[in-house]
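Novice: Structure incoming, see below.
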Amino acid sequence: MFRTYITIGGILGMLSVALGAFGAHTLERFLSEQALDTYHTGVEYQMIHAIALVLTAVLSSHSAIDSHRIKWAGVLFTAGVVLFSGSLYAVSLTGIGSFGMIAPFGGFSFILGWLMLVLSIWPAKKQRS
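With the working numbering, the residue at position 47 of the sequence shown is 227, and numbering never jumps.
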């Protein structure tokens, strides 16, 4: 889990920087201000959750963390980036507004990811034998 989430978080962070630069230096000539704002919102949330994935990786190696919940935090953060940021990129680059209907599912994934991160510090009760 540690390597996986560090890798995914690092790649998403790297892509966020590259996409942000592409938006600032290239897309600003082609997109409306509203489309560019939408695009940059996708970039911002991607970076925030790339960092959250790295945090998830670091926490996953701690013995007091519930491994099942922390795993789900990472899965949900990754899904959130794909669904939320991906849909915002699609809306801004294609102008097809119906891609925006996907964004709430990504936002909900982010919310659940943060919830799982918080709950991971509260280990599940062990059943008595």
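Idealized CB from N, CA, C, for every residue including glycine.
In whole angstroms, what is the alpha-carbon distance linking F279 and A204?
Specialist: Cα-Cα distance, rounded: 22 Å.
Novice: Can you tell me where the alpha helix (DSSP H) with F264 in it begins and where it stops?
Specialist: Premise fails: F264 is in no alpha helix (DSSP H) and is neither H nor E.
Novice: Using CA atoms only, rank isn't needed, just tell me which of I186, S212, S243 and M227 is closest to A198.
Specialist: Per the Cα distances, M227.
Novice: Taking the C-alpha atoms as reference points, what is the distance between T200 and H220?
Specialist: It should be pointed out that residue 200 corresponds to Gly in this sequence rather than to Thr. So the alpha carbons of these two residues sit roughly 7 Å apart.
Novice: Within a Cβ cutoff of 6 Å, which residues of the same chain sit near G286, ignoring the five residues on either side of it in sequence?
Specialist: The residues are G260, L263 and F264.
Novice: For the alpha helix (DSSP H) that contains I228, what are its first and last residues?
Specialist: Run containing I228: E213 to S240, per the alpha helix (DSSP H) assignment.
Novice: The alpha helix (DSSP H) that contains G293, what's its start and end?
Specialist: Its alpha helix (DSSP H) spans residues A283 to L299.
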